[in-house]
Structures are given as C-alpha cells and as structure tokens.
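Q: Here it is, the structure, as structure tokens.
Protein chains: 2
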Amino acid sequence: MTPVAQMKMDRRKTFNEFISRKRLKSTKQRDVIFDEFFGNYMGRHVTVEELYEDIKRKYPHIGFATVYRTLKLFRESGIASERNFGDGKSRYEPIRDEREHHHHMICTECGKIYEFANNQVESCLNQIAKLNEFKLENHKLEIYGLCSSCRESR
Amino acid sequence: MTPVAQMKMDRRKTFNEFISRKRLKSTKQRDVIFDEFFGNYMGRHVTVEELYEDIKRKYPHIGFATVYRTLKLFRESGIASERNFGDGKSRYEPIRDEREHHHHMICTECGKIYEFANNQVESCLNQIAKLNEFKLENHKLEIYGLCSSCRESR
DNA sequence: TTTATATTGATAATACATATCAATTTCACA
DNA sequence: TGTGAAATTGATATGTATTATCAATATAAA
C-alpha cells in the first residue's frame, strides 16, 4: 500500500471513531465528501465553495450545507485543518502527518501558497507557551510576501 | 515628551506623508478617528464596530463607513495592522514599534489576547524566506490554547 | 474665489457563514 | 427483519461583516 493510501485509511479510521464516539451517523454523503476531499485535495487548501462545485458535478443531489457541515466535522475530528489567508474564505486542508505542523508562505502578487515546516520554530513556540504557562492547542504561522517569480517580474 | 506621545506624533507624520503622497485630503473625521484610535487603543485589538460605537458617542455625525475606510487607510499607510483571530471580525491595532514584530497568544476559553515577541522566531522566518527566494513583506503568528487561569479552572 | 477632485454618510448590495425545518435516512433494539 | 427515536439532509432563510453606490459636501490647488 502506498503511504498516501495508508494515510487516507488512518484518517478514515479516526473519522469513524469520532462518528461513533459522538453517536453520530455515517451517511453516503459523508463518504462521498471524504473520498473527494482526501482523494483530490491532498496538500491543497480548498474552499467550501470549490469542494461543493467539484462534488456537485458527480453527485448533483448533495447540498452545499452538507459539504459545509461535513468539513466542520472533519476539523472537529482532527483529520482536517481550517485556514484563513485573509481573502474572507475559510479553506480546508487534509492533515497528512499530525506530528509535523507545517506553515504557509502566501505570495501577495499571484496568491500561490507554499508550505514549509521548521523544527526550530516549533521548539521556540513550545518554549514560549511553557514560559507563559499556556497550554498550546494549536498555532498558525503565515508569511506574506513576493515569491521568486513575482519578484523578477517587477 | 513621553515615549507614547512621541510615537503618536511619529505615526501622525507618517500618515500625513501618506495622505499627501497619494494626493488624498485631510479631514476632520480622519483627525478624530486618528486621535481616538491612537489615544485609547494602544496595545489593544479593536473591531471596526467597537471603534465606531466609541466615536459615535462623542461625534454622532461620523458614519460607520468612514471609520471603516479610515482604518483601511491606517493599514495601507503602515501605522496600523489588521488582525483576524477567527471570530469573523477584523481587528485593528496601532503599530507601536515598526522594528519589533510581535505576535499573539489567544486563549480559546476566555478569548483573552496575550502578546509576545521573540527574536529567534523572527530570524528563523527571515532565513526561511531567504532560502525560498521569497521577499518577506509581513507575517502573522498566532498561538491558540488555554491561558494559565483557564487551565486551573478545568 | 473658482473649480476639480476627494470625502462623507446613508443605504444598498454582496459574500460568506450559519440557522431553520420538513422530509428522509440511519441504527439501536426488539 | 421491522420499528421508532434520533440524526442528517438539502432547500432556503437569516445573520453578520464587508464593500459598493451616489448625491451632497468639504478640501485644496490654481
């Protein structure tokens, strides 16, 4: 099994456990949304609208509210994270590796999103939290600027 | 002159230069909003609504749209920064010291916002940007979690 | 002062997010 | 395998923050 397929299975398991722990129900719609999200949006940052439009083509009966609510469930269950890059839309991203937190560089010219991870930053943040007796639950780090190609064309 | 008064004067100068560079006009309304914002909201993170309500009490003729637009101008001119802590509202904060970037720890229980600055994090980010040939314009770092008092009461 | 241009403020329009609710589906339990 | 309580769905309405519109007004350059 490929690492990606393995990861997808792990998330599925986590989600199923979440469903039964919370006494929720598994439905065809949630299955479809899960498959689409974890099948086509790995490493991407999709808006609810985009995912809905995409799914609607194959499954016209699925409503916007369901996609919206299901993405919230993904976040609650810890298999997706919600991002906001300042354009007013919430974006969702499948979580690949829950151990390694990664961050984003956003080009203010072309809007392209680059990812990076950095251990030194992580340990700094843990220290800062500890120093302030703060129990770190989550953190977000975004760098805004010009990517190399947009720099050149200026 | 106190350091705070000095800072306020510096921001005023920056804003005036911005106004004349962009061929904009200085108005009574902008003066009022500047004074209120830099007089009462130092080190705070005010929403447009809050600032508007506050100003309306003393100057009932000033409209919401004007406060809204003026805060955008403050941001454009570099004397204020816009923040978003995930509650759907944009918050504005007067910039005290443009050399030292600071960040936020947000308690997910009580909503209180703590500030911190850290040189090591800053230099990490500069390195990361450099490595990726990215021209850093701005960056945001937020830590979400439980503050010490909310930890105890759990 | 005149005149071109920017600003104001009331309000309309937009956009994203969330709430509502009747019809339907799921699933625990008999 | 039915049955019924409870969750879910999807169409649509509502809420909320932001942005656009535009006539009246204020500003500042000539």
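Just so you know, the sequences run in chain order R and F. Numbering-wise, our numbering puts 64 at position 64 of the first sequence, and it's gapless, one number per residue. Each number in our numbering comes from the position in the second sequence (counting from 1) with 1000 added on. No residue lacks a Cβ here, since even glycine has one placed at the ideal position from N, Cα and C.
Anything in chain F within Cβ reach of R:K140, meaning under 8 Å, just list it in chain order.
A: K1140, L1141, E1142 and Y1144
Q: Can you tell me the Cα-Cα spacing of F:S1020 and F:R1011, whole angstroms?
A: 14 Å
Q: Is the number of C-beta pairs between the stretch 1083 to 1100 of chain F and the stretch 113 to 130 of chain R that are closer than 8 Å three or more?
A: no
Q: How would you label R:C147, buried or exposed, when you count the other beta carbons within 10 angstroms and need 16 or more for buried?
A: buried
Q: Looking only at C-alpha atoms, which of R:E49, R:N132, R:M9 and R:V32 sits nearest to R:S90?
A: R:E49
Q: What are the residues in the stretch 74 to 87 of chain R lying within 9 Å of chain F by C-beta distance?
A: E82, N84 and G86
Q: Going by DSSP, what residue range makes up the beta strand (DSSP E) through R:Y114?
A: I113 to F116
Q: Using a beta-carbon distance below 9 Å, is R:L125 in contact with chain F?
A: yes
Q: For chain F, check one thing: does any of its Cβ atoms lie closer than 9 Å to the Cβ of R:R151?
A: yes
Q: Looking only at C-alpha atoms, which of R:G88, R:A129, R:C110 and R:K56 sits nearest to R:G145?
A: Among R:G88, R:A129, R:C110 and R:K56, the Cα nearest to that of R:G145 is on R:C110.
Q: So, at 8 Å on beta carbons, what are the nonlocal neighbours of R:L51 in its own chain, with the 5 sequence-adjacent residues on each side left out?
A: I33, E36, F37, Y41, V67, L71 and Y92
Q: Using DSSP with H/G/I as helix, E/B as strand and the rest coil, what is R:Y59?
A: coil
Q: Who are the near neighbours of F:E1142 in its chain, counting only those whose CB is closer than 8 Å to its CB and skipping five residues on each side?
A: F1085, H1103, H1104, M1105 and I1106
Q: Which residues, in chain order, does the stretch 1128 to 1139 of chain F contribute to contact with chain R at a C-beta distance below 8 Å?
A: Hits within the stretch, in order: I1128, A1129, N1132, E1133, F1134, K1135, L1136, E1137, N1138 and H1139.
Q: Taking C-alpha atoms, which residue in F:N1132, F:R1030, F:G1078 and F:N1126 lies nearest to F:A992?
A: With chain F running from 1001 to 1154 in the structure shown, residue 992 of chain F is simply not present.
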